[in-house]
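Going letter by letter, the sequence shown gives residues 684 to 1200 in the numbering used here.
Think of the CB as a built atom: it goes at the ideal place given N, C-alpha and C, for glycine as much as any other residue.
What follows is one structure encoded as structure tokens, with my remarks underneath.
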Amino acid sequence: MKKFLTTGAGAAAVSALPMVAAAQETVGMDQRINDIFAGSTGWFVNLIFMSLPGTNFPWIVLWLVVAATVFTLYFGFIQVKAFWHAISLVKGDYSDPDDAGEVSHFQALATALSGTVGLGNIAGVAVAVGIGGPGATFWMILAGLLGMASKFTECTLGVKYRNEYADGTVSGGPMYYMTKGFKERGLPLGGVLAVIFSIFTIGGALGGGNMFQANQAHAQLSGIIGDYPGWITGIVFAAVVFAVIVGGIKSIANVTEKIVPLMGVIYVGAALIILIVEYDKIGWAFGQIFEGAFSGLGVAGGLVGALIQGFKRAAFSNEAGVGSAAIAHSAVRTKEPVTEGVVSLLEPFIDTVVICTMTALVITISGVLVMDPETGRFILNDAGTAIQTIDGSSGVQLTSAAFATGFSWFPYVLALAVILFAFSTMISWSYYGLKAWTYLFGEGKTKEIVFKVIFCLFIIVGAAANLGAVIDFSDAMIFAMAVVNITALYLLMPIVKREMKSYFARLKSGEIKKFVD
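This is the structure:
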């Protein structure tokens, strides 16, 4: 019997050899692709995320924050003046269903939010607080408030210069205001910038907006139900995503208007319950946020470290100035471009000011960051690069640990949230990539289907492979979009100011009235 078992085990081992070899070959192939890609694109990634001399502050973050500050001042703090009007527009108070466009103000906002609300709000905030302390939250909020003006600028232009077709569909975004807007102002190189922006958008959509999301979703699922091949997750996600995106922006908007509120209720609801239970610590937590923002005591990098981490995570989270949201908002039903600019300024507010702040508060209150009870200061890890945590966790695991202090079962809810975030981000970025694709190759059902099939194939690759260099490159392409887009925004902002003055003058005079069916 023993011989039989040995022989059987040997046979099983022999039969398993091809599978082991195949797995090793796959890993080897992944690594070869990764090495080749890193060797050829590393210079581009390093260029985009290069730090300013003598700091660890990426120049691209400064580029985004300076632009947001310029637009805030140029448009007279539009994020404050138009905030309540934005809510009225989202409610549909001024919406005429006969206006050109494909989706409502709320659907456009939900679609754009689904592309930005995601791992940046969960893992990114944990990284910022873990390195820069609670004080990083203050700078995150400030960057989010300033970013509202960037969204206003790009989304107003997106609607103003969109293409409207006879069948009721529209195409808009930075590539259209670069060509049409530059021509209107007699500026050169609009077409060149539009092509460059479109290429960056496609690259960002296939990588950061697709492969990375699929990869993280698979990691969450396998962490709950046990390890299994990534291509299974990829195929399931690809099938569901294709079923949604094949119907175009209306289908995407119908899904996102349901998923985004669901994500918000699940995630913000859990955070609120923890904050209510620990209400006596909220005042202390805000004290930590304000004190840490201006003193930076006991955190990696001190005051500058808190500022850098806050600005960096806000920029990476809400994408204000990147130009991606202008593509989604361009599909709105309206004849007034400024209305969608006003609606879009709610996006960084919800994404960064509300959701990111709640994440930071829960992490601060939960006690997962180790403090010295005598001095009240945070204790750094052995390397001095981050605050020590009770279980050594960071990123999404730190957020999970913080929420688990209130609910032991919350990691399962967080996993569901991450999966929903990944799915919604994929369907939104599929639309961004599609519009860049049709700008380069022309409109048409066949051309659209080709891109959608390519996009879904990349979902399978992203879930099955671990191509770090590919993801790094695609992230760099997303922020390279901001270099081109903000350049255009600086040159076109006088047009936005003219539109803004005209709209609010007519609103004040009563010429623009609430729509009554």
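Distance from Thr1042 to Thr1082 at the Cβ level is roughly 6 Å; contact confirmed, criterion being Cβ atoms closer than 8 Å. In this structure, Ile814 is the residue among Ala953, Ile814, Thr1121 and His768 with its C-alpha nearest to the C-alpha of Gly1075. At a cut-off of 4 residues, the continuous stretches assigned as alpha helix (DSSP H) that sit fully inside the segment 1006 to 1093 are 1007 to 1012, 1020 to 1027, 1040 to 1049 and 1078 to 1087. Using a 10 angstroms sphere on the CB of Met733, the tally of other CB atoms stays under 16, which defines it as exposed. Within the same chain, and ignoring the five residues on either side of Lys1130 in sequence, the residues whose Cβ sits closer than 8 Å to its Cβ are Trp1120, Thr1121 and Phe1124. Within the model, the alpha-carbon separation for Leu730 versus Ala1165 is close to 14 Å. The way I'd put it, the segment 831 to 849 does touch the segment 1004 to 1016; three or more beta-carbon pairs between them come closer than 8 Å. Inclusion of Ala750 and Gln992 in the CB contact set at 7 Å is not warranted, their separation being larger than that value. The C-beta distance from Val800 to Phe1106 rounds to 12 Å, too long to meet the 8 Å contact threshold. Under the DSSP definition of a beta bridge, Ser854 partners with Asn846.
A straight-line Cα-Cα distance of about 14 Å links Cys1039 and Leu1029. Per the coordinates, the alpha-carbon of Tyr848 lies some 12 Å from the alpha-carbon of Ala1014.
Exclusion of the five residues before and after Trp914 leaves Ile1143, Ala1146 and Ala1147 as the residues of its chain whose Cβ lies within less than 8 Å of its Cβ. When DSSP states are grouped into helix, strand and coil, Pro1177 belongs to the helix group. DSSP places Val929 in the coil class of the three-state scheme, outside both helix and strand. Membership of Ile908 in the alpha helix (DSSP H) is indicated by the continuous run Phe895 to Ile908.
Looking only at Val1021, Leu872 and Ile1102, the smallest Cα-Cα distance to Leu945 is reached by Ile1102. The C-beta distance from Asn1001 to Thr1035 rounds to 5 Å, short enough to fall under 8 Å.
Looking at the DSSP output, Ser734 bridges to Pro741. Counted as a single uninterrupted DSSP element, the stretch harbouring Ile1195 is not any alpha helix (DSSP H), since DSSP gives it neither H nor E. Annotated three-state conformation of Val800 is coil, per DSSP.
When beta bridges are read from the DSSP output, Val1167 appears opposite no residue. According to DSSP, residue pairing for Val960 in a beta bridge does not occur. Note that the C-beta distance between Ile1046 and Ala1085 is below 7 Å. When the beta-carbon positions are compared, Phe835 and Val1167 stay at least 7 Å from each other.
Inter-segment contact for the segment 938 to 955 and the segment 779 to 798 is present: three or more beta-carbon pairs are separated by less than 8 Å. About 31 Å separates the CB atoms of Gly1024 and Val810; that is not less than 8 Å, and the two are not in contact.
Short of 8 Å from the beta carbon of Phe1093, and not among the five residues preceding or following it, lie these beta carbons of its own chain, in chain order: Ala953, Ser1083, Phe1086 and Ala1087. In this structure, Pro817 sits away from Ile1048, with a CB-CB distance that is not shorter than 7 Å.
The residues Val728, in chain order, have a CB closer than 6 Å to that of Asp1155 in the same chain once the five nearest residues on each side in sequence are set aside. For Ala976, the enclosing alpha helix (DSSP H) has its first and last residue at Ile965 to Ser978. For Lys1191, the closest C-alpha among the options Leu747, Lys764, Ile743 and Ala922 is that of Lys764. Counting of Cβ neighbours within 10 angstroms places Phe760 among the exposed residues, the total staying below 16. Going by DSSP, Leu872 is part of no alpha helix (DSSP H) at all; its letter is neither H nor E. Boundaries of the alpha helix (DSSP H) around Gly1145: Lys1128 to Ala1147.
For Ile814, the enclosing alpha helix (DSSP H) starts and ends at Val808 to Gly815.
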